[in-house]
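Chains as they are written, first to last, in the numbering used here: chain A, 6 to 279; chain B, 53 to 390. Below is one structure, written out as structure tokens, with a few remarks after it.
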Amino acid sequence: MRHAQSYITSAVRVFDLSLGQMLWSRRSIFMALVVGAPVLIALAVRVVVGLAGNLQMGGGHVTGPAIFGGIIWGIYLRFAVPILAVFYGTGLLADEVEDRTITYLFSRPIPRGAVMLGKYLAYLACTVMVVLPSVMLVFLLIIPVGGGRIAAAFPDLVTDLALLALGLAVYGAVFALVGAWFKRPLVVGLLFLFAWEPVILVVPGYLKRLTVMYYLQALVPHAMPQDGAISFLQSLFRDVPSLPVALGALALILVGFLALATRVVERREYVLEQ
Amino acid sequence: MTQKTRYFMFASAAVLVGGLCTGLVAYYSGFGTTMFRQTSGPAELAYVPADAAVVAYANVHDVMTSELRRRLQEVMPPDEEKGREEFKSHTGIDLETDIDYVVASMTPRPGDQGRGEMGFVAFRGRFDEVRLEGLAREHGATVEDYRGKRLIRITKAAEATEHSGAARVPVLTFVEPGLAMFGDEAAVRHAIDTRADGRSVLDNGELMTLVTDVERGANAWAVGRFDLLAAQANLPEGVASRIPPIKWFAARGSVNGGVAGTFRAEANDEEAARNLRDVINGFMALARLQAGSQPELQGMLQTMTLGGSGRTVELSFAIPSEVIDALSAMSKGAHKAP
Numbered sequence: 006m007r008h009a010q011s012y013i014t015s016a017v018r019v020f021d022l023s024l025g026q027m028l029w030s031r032r033s034i035f036m037a038l039v040v041g042a043p044v045l046i047a048l049a050v051r052v053v054v055g056l057a058g059n060l061q062m063g064g065g066h067v068t069g070p071a072i073f074g075g076i077i078w079g080i081y082l083r084f085a086v087p088i089l090a091v092f093y094g095t096g097l098l099a100d101e102v103e104d105r106t107i108t109y110l111f112s113r114p115i116p117r118g119a120v121m122l123g124k125y126l127a128y129l130a131c132t133v134m135v136v137l138p139s140v141m142l143v144f145l146l147i148i149p150v151g152g153g154r155i156a157a158a159f160p161d162l163v164t165d166l167a168l169l170a171l172g173l174a175v176y177g178a179v180f181a182l183v184g185a186w187f188k189r190p191l192v193v194g195l196l197f198l199f200a201w202e203p204v205i206l207v208v209p210g211y212l213k214r215l216t217v218m219y220y221l222q223a224l225v226p227h228a229m230p231q232d233g234a235i236s237f238l239q240s241l242f243r244d245v246p247s248l249p250v251a252l253g254a255l256a257l258i259l260v261g262f263l264a265l266a267t268r269v270v271e272r273r274e275y276v277l278e279q
Numbered sequence: 053m054t055q056k057t058r059y060f061m062f063a064s065a066a067v068l069v070g071g072l073c074t075g076l077v078a079y080y081s082g083f084g085t086t087m088f089r090q091t092s093g094p095a096e097l098a099y100v101p102a103d104a105a106v107v108a109y110a111n112v113h114d115v116m117t118s119e120l121r122r123r124l125q126e127v128m129p130p131d132e133e134k135g136r137e138e139f140k141s142h143t144g145i146d147l148e149t150d151i152d153y154v155v156a157s158m159t160p161r162p163g164d165q166g167r168g169e170m171g172f173v174a175f176r177g178r179f180d181e182v183r184l185e186g187l188a189r190e191h192g193a194t195v196e197d198y199r200g201k202r203l204i205r206i207t208k209a210a211e212a213t214e215h216s217g218a219a220r221v222p223v224l225t226f227v228e229p230g231l232a233m234f235g236d237e238a239a240v241r242h243a244i245d246t247r248a249d250g251r252s253v254l255d256n257g258e259l260m261t262l263v264t265d266v267e268r269g270a271n272a273w274a275v276g277r278f279d280l281l282a283a284q285a286n287l288p289e290g291v292a293s294r295i296p297p298i299k300w301f302a303a304r305g306s307v308n309g310g311v312a313g314t315f316r317a318e319a320n321d322e323e324a325a326r327n328l329r330d331v332i333n334g335f336m337a338l339a340r341l342q343a344g345s346q347p348e349l350q351g352m353l354q355t356m357t358l359g360g361s362g363r364t365v366e367l368s369f370a371i372p373s374e375v376i377d378a379l380s381a382m383s384k385g386a387h388k389a390p
């Protein structure tokens, strides 16, 4: 009991120290661009609608909820969440190793696993507190376009916020393990994101269950964007897990990968290059 | 944690909490059943019973004066104009100018366990009531008084079709000056009762929410219970079992130079909606792949957008004026060919 208390206290101290470091690092400029772009797009849409009266795309009348759904799929879920997770998650320990400051952390009287846990929590707080307000601003700007109603779209917004937070948590845990395990974690992480997941998702069979996106997509309340061949292939080999299965699998990935990451950190000997 | 970090976290939480509170307030105040009473739909909805399965509206005047109709008239055979003139000389109604809009309703027939339906169409416009009644009488119609309204039975009751034990007699009545109602006798009587009792579809919060959503900027719209319609359509077992469980549907269209429309369905649960979206998405992607060599079709398919979230599935489309021109040209060619 006392050991657990000390473990948590240590993790909270590392969290406190790491949060400021992460928030005001150079990576934050990249994060600001990633989450700021949709807000600017939403603002531009509002200006266009304000000037033109309504928004037409390809001759058709487009409503705010449809645009918001497209932004959630195309920008947040498929790009912002995985890319922020890979950049921050793989760097949780790798940055300390690269900067040769890991010695200072590991020489303190705190469990190594608590260092990983504290840093992971700092990553989660940092990304969640940047991504979710961005989604909120986009929602408030976009939904009223073309006759959309905030009241009707609100339940889906709550789902979206929970879904994106869960996505950041799960992808973060996966890339925390990658960062703790591999020597070139960013390359491995990017390969996982841009080679493994997109290809496996359109291949028929059971392999898609070895991706995070397969389970996350099952929770999205909006229609999937129609991007031609990809939509066709995905609908052809349609296999959407049920809500309990998706939530269960994501929880399992989150806990499993985070536990593995802390275990790797506790056992691994990090050799600093001269 | 530094002061700067603390400020940032506070600002971020404030945006999040502020937005959520705004949404929450909108959600709880935006779904009241009474707030749409005075604002949504045409006044004739006061005649539509609260348990209506389908309510539809079409602005005839807008459609008649639209650019689309002008273009279609150019390719239509001249007989259509003759028919319109003939109708006018008989009834005194010029379809082009005398009807402003129509409201139609379909309601499950009471005591028919949802298998039968009854309906009426209300026409708002300018009518010569005496002339129309006289014309009906000439063709054997009988007149009966019901709650101060003159019900003109178009067919004799003895000749009416028997359906589930209830006679289907078409009647015409003028429920208000400038408002003609035509439909099943039972439906028209029920509509008059509904108006008198003051308990109409305007009290049906779910349906009126749909009406509020579809009526903005539309020349025509229809909303209703998809499950009731499907149950009454007598679909083959194989087809009926494959239709995803959809509860509500809402369709809206606007006509001017071209036609733009949206069809929205509300499934019973999110899984059914997701399945439906996937199926439509697949069909659309397949159609786009196959329409590569046909620019007109390609242009029309490009305007089709699948949307919706949660339990809703929304399909929008637009037929631009260029496509209509191309179809008109093809039709003209077909007329000239022989």
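We treat Cβ as the ideally placed atom computed from N, Cα and C, and that holds for glycine. Computed from a predicted structure; not experimentally measured.
Endpoints, the alpha helix (DSSP H) within which residue i is located
i	result
serine 139 of chain A	117 to 147
tryptophan 186 of chain A	155 to 186
glutamate 274 of chain A	Where glutamate 274 of chain A is concerned, there is no enclosing alpha helix (DSSP H), given that its DSSP letter is neither H nor E.
isoleucine 46 of chain A	32 to 57
proline 190 of chain A	190 to 196
glutamate 96 of chain B	Per DSSP, glutamate 96 of chain B belongs to no alpha helix (DSSP H) and is neither H nor E.
aspartate 114 of chain B	112 to 116
tyrosine 211 of chain A	No alpha helix (DSSP H) holds tyrosine 211 of chain A; DSSP gives it neither H nor E.
aspartate 330 of chain B	322 to 342
Cβ-based burial, residue i [other Cβ within 10 Å; buried from 16]
i	result
lysine 124 of chain A	buried
alanine 200 of chain A	exposed
glutamate 148 of chain B	exposed
cysteine 73 of chain B	exposed
histidine 191 of chain B	exposed
proline 114 of chain A	exposed
histidine 8 of chain A	exposed
leucine 129 of chain A	buried
threonine 106 of chain A	exposed
threonine 264 of chain B	buried
proline 249 of chain A	exposed
isoleucine 13 of chain A	exposed
leucine 82 of chain A	buried
Euclidean distance between Cα positions of residue i and residue j
i	j	result
proline 297 of chain B	isoleucine 332 of chain B	15 Å
leucine 48 of chain A	glycine 305 of chain B	28 Å
arginine 363 of chain B	leucine 142 of chain A	24 Å
serine 157 of chain B	isoleucine 258 of chain A	53 Å
methionine 229 of chain A	valine 140 of chain A	18 Å
phenylalanine 226 of chain B	valine 275 of chain B	25 Å
proline 226 of chain A	valine 115 of chain B	36 Å
methionine 36 of chain A	phenylalanine 60 of chain B	14 Å
glycine 171 of chain B	proline 222 of chain B	10 Å
arginine 119 of chain B	arginine 202 of chain B	The amino acid at residue 119 of chain B is misidentified as arginine; the sequence shows glutamate. So the two alpha carbons sit approximately 38 Å from each other.
leucine 110 of chain A	glutamate 258 of chain B	59 Å
tryptophan 273 of chain B	isoleucine 376 of chain B	21 Å
leucine 224 of chain A	proline 203 of chain A	18 Å
glycine 144 of chain B	valine 195 of chain B	20 Å
alanine 239 of chain B	threonine 159 of chain B	8 Å
phenylalanine 20 of chain A	leucine 38 of chain A	24 Å
alanine 254 of chain A	cysteine 131 of chain A	24 Å
arginine 268 of chain A	glycine 118 of chain A	7 Å
methionine 27 of chain A	serine 33 of chain A	7 Å
valine 50 of chain A	glycine 41 of chain A	14 Å
alanine 127 of chain A	leucine 169 of chain A	17 Å
aspartate 150 of chain B	tyrosine 109 of chain B	17 Å
Limits of the unbroken beta strand (DSSP E) element including residue i
i	result
leucine 231 of chain B	231 to 236
tryptophan 78 of chain A	No beta strand (DSSP E) holds tryptophan 78 of chain A; DSSP gives it neither H nor E.
isoleucine 298 of chain B	298 to 307
aspartate 197 of chain B	194 to 198
alanine 90 of chain A	Element bounds for alanine 90 of chain A: not the beta strand (DSSP E) but the alpha helix (DSSP H), 86 to 94.
Whole-Å CB distance - residue i paired with residue j, under 8 Å assumed
i	j	result
valine 107 of chain B	leucine 97 of chain B	7 Å
methionine 356 of chain B	serine 373 of chain B	The Cβ separation is near 17 Å, so there is no contact.
* Any residues in the region 132 to 151 of chain A with a beta carbon nearer than 8 Å to a beta carbon of chain B? Which ones, in chain order? -> Against chain B - using a Cβ distance shorter than 8 Å - the residues of the region 132 to 151 of chain A are Met134, Val135, Leu137, Pro138, Met141, Leu142, Phe144 and Leu145.
* the region 21 to 37 of chain A: which residues have C-beta closer than 9 Å to a C-beta of chain B, in chain order? -> Cβ contacts with chain B: Asp21, Leu22, Leu24, Gly25, Leu28 and Trp29.
* Residues in the region 181 to 206 of chain A having any Cβ partner in chain B nearer than 8 Å -> Sequence-ordered contacts of the region 181 to 206 of chain A with chain B are nonexistent [C-beta pairs closer than 8 Å].
* Can you list, in chain order, the residues of the region 210 to 232 of chain A whose Cβ is nearer than 7 Å to any Cβ on chain B? -> Hits within the stretch, in order: Pro226, His227, Ala228, Met229 and Gln231.
* Would you list, in chain order, the members of the region 311 to 330 of chain B that have their beta-carbon closer than 8 Å to a beta-carbon of chain A? => Against chain A - using a Cβ distance shorter than 8 Å - the residues of the region 311 to 330 of chain B are Ala312, Thr314, Glu322, Glu323, Arg326, Asn327, Arg329 and Asp330.
* Asked: Got a sec: which bits of the region 186 to 208 of chain B sit with their beta carbon under 8 Å from any beta carbon on chain A, in order along the chain?
  -> Listed by position, the residues of the region 186 to 208 of chain B near chain A (Cβ gap below 8 Å) amount to none.
* Could you list the residues in the region 69 to 84 of chain A with a C-beta less than 7 Å from some C-beta on chain B, going in chain order? => Taking 7 Å as the Cβ-Cβ cut-off against chain B, the residues of the region 69 to 84 of chain A that qualify are Pro70, Ala71 and Gly74.
* To do: Please list the residues of the region 159 to 182 of chain A that have a C-beta atom closer than 7 Å to any C-beta atom in chain B, keeping them in chain order.
  => Correct list: Phe159, Pro160, Asp161 and Leu162.
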